[in-house]
Amino acid sequence: MLVIAHRGASGERPEHTLAAYERAIDQGADYIEPDLVATKDLVLVARHENELSGTTDVASREEFEDRRRTKEVDGQRVAGWFAEDFTLAELRTLRTKERIPSLRPANARFDELYPVPTFDEIVALVRAKEVETGRRIGLYPELKHPTFLLQNAGIDMVDLMVAALRRHDLDDADDMVFVQIFEVEPLRRLDSLVETPLVQLVGAEGGPADTPALRYADMVAPSGLADIATYADAIGADLRVLLTDDGRSSGVAQAAKAAGLKVHAWTLRKENAYLPPPLRRNGGDAGRGDICGLYGLLRVASVDGVFTDDPGLVEACRVDE
């Protein structure tokens with residue numbers, strides 16, 4: 079199975095930093111995954127969400143207090159500071175921090191050391207590491223909230239992504255790139271503009287923000303998977319979509335592959351808090367559980383790739399493949 083470094087080696091470094099991506103590459107990850115949002119001056123940058131206070135020091139910066147806003151993002155009211163309200167120069171004055179320090183206190187040692195990276199910087203890192211290691215390293219960007227950003231800020235994430243892929247010569251079918259989105263129409267647009275492999279993300283509940291009448295549960299039925307296959311090359315699915323409560327295959331992975339789609343699962347994490355009860359071990363929520371046990375269940379379920387916060391640990395799980 080492919081090992082996709084979820085936000086980099088985010089189990090060991092603050093997520094979406096160049097340090098987290100480089101750590102993941104050094105641990106053998108096949109792909110690194112930057113979530114992309116956009117600045118006011120239309121630069122793609124890596125943050126899990128467009129709201130910045132969870133992963134940067136923006137809330138402590140008095141000069142930006144007047145940027146605090148409340149917005150309705152994909153049906154949810156969110157208060158904070160948003161990337162699309164900052165220029166790149168302003169954003170670069172911020173420093174990143176660990177998002178879940180209660181579970182990952184060791185990561186908090188790196189708080190305020192790293193800036194927010196741009197997509198261009200991430201591509202440059204990957205190419206430098208390819209020269210250093212002699213191996214190909216893939217990119218797996220996710221476009222965050224493209225419909226919201228288009229409608230509320232006039233920012234076209236699809237156009238920005240297409241321009242970036244073309245600028246870096248990453249818009250062909252044989253490039254080691256997947257572009258993923260939870261929404262449908264932005265993926266359909268991408269499919270008409272680039273040959274880059276595309277991934278429809280599906281959750282265990284709800285549905286795409288741009289098509290509220292559509293449910294993810296319907297999308298992973300055989301007819302829904304057949305429709306996805308007309309514009310995407312893979313699904314990226316919540317573990318709960320692919321496995322039953324007792325760890326058996328739900329059949330979705332096999333149905334997706336029958337429709338001609340690859341299947342990538344999210345997210346493998348080492349902490350007990352994120353593992354099914356039978357795979358938890360001593361140490362409370364932050365303790366390390368049986369991540370290889372979960373990897374094995376996904377392998378039996380015919381999954382093609384796994385997103386993980388801990389690529390070094392998952393690398394050890396696939397030694398016999």
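Letter by letter, the sequence shown follows residues 79 to 399 of the numbering used here. Cβ coordinates follow ideal geometry from the N, Cα and C atoms, glycine included.
A Cβ-Cβ separation of about 14 Å leaves E349 out of contact with G371 under the 8 Å criterion.
Rounded to the nearest whole angstrom, the C-alpha separation of P286 and P224 is 11 Å. When C-alpha distances from T211 are compared across A107, T171, A304, A351, the shortest belongs to A107. Short of 7 Å from the beta carbon of D382, and not among the five residues preceding or following it, lie these beta carbons of its own chain, in chain order: M79, L80, K340, V341, H342.
Taken in chain order, the unbroken stretches of alpha helix (DSSP H) that lie wholly in the stretch 193 to 234 and span 4 residues or more are 197 to 211, 224 to 231. Put simply, of V272, V298, P354 the residue whose alpha carbon is nearest the alpha carbon of E283 is V298. Counting along the chain, no beta strand (DSSP E) covers A310, and no H or E run does either.
Using a Cβ distance threshold of 9 Å, L375 and A333 do not count as a contacting pair. Contact between the stretch 140 to 147 and the stretch 108 to 120 is absent: fewer than 3 CB-CB pairs across the two stretches fall below 8 Å. If you draw a straight line from the Cα of T95 to the Cα of S138, it comes to about 20 Å.
Per DSSP, I259 lies in no alpha helix (DSSP H); the unbroken beta strand (DSSP E) holding it starts and ends at 257 to 259. Using a C-beta cut-off of 8 Å, the stretch 173 to 193 makes no contact with the stretch 213 to 221, since fewer than three inter-stretch Cβ pairs fall below that distance. For K348, there is no enclosing beta strand (DSSP E), as DSSP marks it with neither H nor E.
The beta carbon of Y373 sits closer than 8 Å to those of M79, L346, V384, V392, C395, R396, all from its chain and outside the five residues before and after it, given in chain order.
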